[in-house]
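The block underneath contains the structure these notes are about, expressed in structure tokens.
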Amino acid sequence: MNTARSLCLSVDQRRRSGGPLAAWICCCLALGAASATARADAKNHALAAKVSVSGSLDPAKYPVANLHDGRIELSNTGRWVSDAKAPNWVVFEWAQPVTIGAARVVSGIAGGNKLSQPLDDLVLQTPKGEQWQDIPGAQATANKTPDLRVEFAPVTTARLRLLVTRSHGNITRLFEVELYEKLPGDLAAAGGAKPSSPAKPPAPPPPLDQRVGGAIDKGVAYLLSRQKSDGTWMPAWAVDSGMLKGNRVGPTALVVYTLLESGVSVQNPKVTKALDWLKDQRELRTYTLACRASAYAAAERQAPGQYMRLLKNDVEMLVRGTRGGAYDYEIGKDTGSTSNDHLGALGGWVGAMANLEIPRNYWLLLQRHWEGMQLKDGGWTYQHGPVASRKAFSSRSQSSASMTAGGVVTLLVCNDLLNAEKFLRCSGETLSRPITAGLEWMEKNLGAVLSGKRAERTISYSLYAIERAALASGYKYFGTTDWYREGAELVLAKLYKPSGAFEETGQFRDPLVNTCFSLLFLVRGRQAVLMNKLAFEGDWNNRPRDLASLTRWASATFERPVHWQVVNLQMPPGDWHDAPILYISASRAPTFSDADLDKLRQYVLQGGTLLSVTECGGLAFSKAMRDVYRRLFPQYELTPAPADHPIYSAYFKLSGRPAFQIVSNRVRVLAYHTDVDLALAWQSYRTAVQRYAFEAAANLAVCVSGTIGSLRPRGASHWPQPAPPPSGAPIRLVRLAHAGAHDPEPLAYERLAALFASQTGRPLDVAGPVAIDKLESSRAALAALTGIGPLKLSPPDREALTAFVNAGGTLLIDAAGGDAEFAASAEAILLEMFGPRSLRLHARSAPPLKLDGYAIENVAYTHRARKRLGNVREPLLRSIIVNDRPAVFFSREDLTAGLVGYPSSTVDGYAPESAYEIVRNIILHAAGNKQEARQ
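Residue numbers (the numbering used here): 3 to 937.
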């Protein structure tokens, strides 16, 4: 039987069972079979080969024969799956040599009607003595194509190996390998860049934060695996330059610091053993002391009191060891480098953040030295040698990103510890010119660095330095460059390996050190952002270090690192969702255009919260912000927060101070305003005499996020990215208007539609809000009704809803925010309309809570709902049966706010992910019912 026809017959059985992708493959291969000339001359040599593999996951379930039997059966049991011991290989052997010049490799994971996660890096090889050599042109790197075709200069061989060096989870998943002398005409016409299914575009890559999280986990595992029996870490060979210098203390300290920053417990036996070893080592080297001080500080945060003495000793040695603000490779010698200066200053900063007493003169020396080393372009360069000759030579060198970032962060630290009092009055003070010049250099050049157009000695070390400068300065963007997103993509694409190591050529040839610096960039850069500070035309930056001080206090208080950043009105509002709070402060009136106000409104309606603070008693700012809120939300008023509002008690008890005013949609607060100059207390770090200013900010964070632990990692947004709508007939959903507050969250269903389309592959057409009497003409499968306060429905409204349900439509009602008044009135109306016993708890075992591929077993609730419900995990959705089907769904617990995606502490209902899953299933169920009613 002809191979193509054989395959078509095998797939036809799947086509008859309803598989659209199988049907397409059958059709595609049938066309290939019709091209008799193309196939007759194209022998698939893989069919006749004896095949051996590196290792199989489950030989009985995934036999090797699956990968070369001439059949592409796109079910996950129709493939061969390797074990997880990368690299993986497949060897083809023939009794007589054959000529191979083309290959087809079908790989990945089957789901729905598409393949995803194909092999990333692979190459075909032929034997050379006892070794294997790559066939020129027969490789793929960073492959995204599940149905890959490669052509190359023909080779004649009796053995051929397919080597897979990178794949999802280190596992090779092969549906078929075909080997030809020349690619058949029908395959060549299809092209190697075509995915296996034309019905849908390939699945987008996992979100950046998901990829970063996986890389961090594997990187940590890699570092732990490299520990030696004595508790130390040492590169495979000694290096005579840089921080290694042939010793074990520096690398061991750096690894311990990295592990602790990555979330490994100080009680982990490997970490404990390393710390015990470190404390017995006498050290004079700057790099090593700085790394060990960092490790001790991280350990002290987890185990207070146990490592402070050791930290103090290393910090004091570094503080005493500076030579006029500069550092040598070894304390007491005069041969150092700019990199030593950077790491030495890091050690001093670590001590200051641990509240060790550091002489003021130390920061003056550092400031003077770094300002003296700055080049005319605003940057700094790497130099080596005595301090005097470094200064003399530096003007003839090119600035680098790593050293410029080191200069910026060092001067910012000095500024924080020397000049906080300069910014107490709103007098137009700005950061020093050396700092702003360094930041300007980064704005001009960082894009070229992160795109690879401007070379750096070591990428990982440069990224580590950039992360420190970015977090210290609060910048989200340098120019148009999102330093974290682009840096993370760079390090994942260029350095990250399946083993968990981060490898690069250059100074640190062993991946141990590069892995540490890469992980520190990813881990620290990913840490949560508490607030964004809005930059606008006006005096928005009277207190340039207000949020730096606030987040320093919050990190120590909640034992979780949090950060801040600056955003501006040139950015799309979607970029502001790193943080749940957008902070606006000034003393003079801001001038926001209508376009600016549109962005602020969109940020809030997408789940964000505004905080405005009047500085220096600025009446002009206070008056202007009242006008801003009227223009943003004309339907709501700015009113004093009542004494029992959570802003005064969510975490700390504040007794009504500072006084806040709020704009609320009655589900949540959209904006907070205070005329108390909180920024002054934050800028000057008055954590004792004005502690309430810091505690108020903490209460605000809890109000908008539920808990401090609910803050999202940087780069992770709850709002989906814009994407083309999927093909096919849309499911129609209509939002209903009524006489009460029916639309508190206008964008809830916009987010739902985007998530629904991306996760189910089906377009969702959302209309409304429309009047209930227009429901009959809407042709909707599902009608959604929500609100706050008592629900009142007229007799015609009730008749329209009943007719809609009887005609096959589905009705969903939820109490927005979990509003008790709405819930009680809506329940009473439903019982009047459908009978006193009609409303029942909906079983988890019945649709729509249980749908094929979308079963909902357990759900999560908001913090407020958990206080009421306890540890309930089952959904509390209730339903009414009409014409033998669940046609009306009622939720006393909020769904609407959950669909927006924020975890507010004021919402009584389902957590965002569970709210989405419940409504998703109701939509799918409603669409099926509507179709049946039409038939």
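The C-beta atom is built at its ideal place from N, Cα and C for all residues, glycine as well.
Proximity of residue i and residue j at Cβ, strictly below 8 Å
i           : j           : result
residue 738 : residue 770 : yes
residue 542 : residue 553 : no
residue 441 : residue 411 : no
residue 519 : residue 475 : no
residue 558 : residue 564 : no
residue 833 : residue 841 : yes
residue 860 : residue 875 : yes
residue 171 : residue 86  : yes
residue 628 : residue 613 : no
residue 359 : residue 286 : no
residue 119 : residue 110 : yes
residue 310 : residue 318 : no
residue 525 : residue 169 : no
residue 165 : residue 65  : no
residue 584 : residue 610 : yes
residue 521 : residue 221 : yes
residue 158 : residue 79  : no
Coarse secondary structure for residue i, derived from DSSP in three states
i           : result
residue 926 : helix
residue 579 : helix
residue 116 : strand
residue 896 : strand
residue 387 : strand
residue 68  : helix
residue 460 : coil
residue 196 : Because residue 196 carries a pLDDT of 34, less than 50, the predicted location of this residue cannot be relied on, and no value is offered for it.
residue 259 : helix
residue 279 : helix
residue 371 : helix
residue 42  : Residue placement at residue 42 is flagged as unreliable, the pLDDT there being 40, under the threshold of 50; a coordinate-derived value is accordingly withheld.
residue 734 : strand
residue 757 : helix
residue 103 : strand
residue 31  : With a pLDDT of only 32 at residue 31, under 50, the local geometry of the prediction cannot be trusted, and no value is derived from it.
residue 544 : coil
Own chain residues within Cβ distance below 8 Å of residue i, not counting five before or after
i           : result
residue 195 : Low per-residue confidence applies at residue 195: pLDDT is 35, beneath 50, and the placement is therefore not dependable, though the value from the model is reported in the following sentence. Cβ within range, chain order: 147.
residue 2   : Because the chain spans 3 through 937 in this model, residue 2 falls outside it and cannot be assessed.
residue 276 : 229, 233, 234, 235, 254, 257, 258
residue 759 : 725, 727, 728, 765, 766
residue 49  : 5, 70, 71, 72
Residue nearest to residue i in terms of C-alpha spacing, selected from the options
i           : options            : result
residue 806 : 766, 325, 341, 786 : 786
residue 260 : 218, 249, 289      : 218
residue 84  : 106, 159, 173      : 173
residue 269 : 289, 305, 757      : 305
residue 421 : 60, 230, 369, 740  : 369
residue 990 : 677, 607, 52       : Any property of residue 990 remains undetermined from this structure, which presents the chain solely from 3 to 937.
residue 527 : 47, 178, 214, 830  : 214
residue 580 : 598, 535, 616, 431 : 535
residue 231 : 220, 221, 250      : 250
7 Å Cβ shell around residue i - same chain, five flanking residues per side excluded
i           : result
residue 653 : 700, 701, 704
residue 328 : 338, 343, 371, 389
residue 632 : none
residue 77  : 112
residue 867 : 820, 895, 910, 911
residue 793 : 740, 742, 824, 827, 828, 831
residue 136 : 125, 127
residue 816 : 788, 893, 896, 897, 898
Residues near residue i in its chain [Cβ-Cβ closer than 6 Å; skip 5 each side]
i           : result
residue 929 : 733, 783
residue 143 : 123
residue 516 : 462, 504, 506, 510
residue 439 : 380
residue 843 : 880
residue 272 : 226, 229
Near the ligand NAP: residue i beta-carbon under 7 Å from a heavy atom
i           : result
residue 722 : Absence of the ligand NAP is noted for the structure shown, with no ligands found whatsoever.
8 Å Cβ cutoff, residue i in contact with chain D
i           : result
residue 741 : The question asks about chain D, but that chain is absent: this structure has only one protein chain.
Q) Below 8 Å, can you find three or more Cβ-Cβ pairs linking the stretch 658-668 to the stretch 489-505? A) no
Q. Are the stretch 684-694 and the stretch 715-728 in contact at 8 Å, needing three or more beta carbon pairs?
A. no
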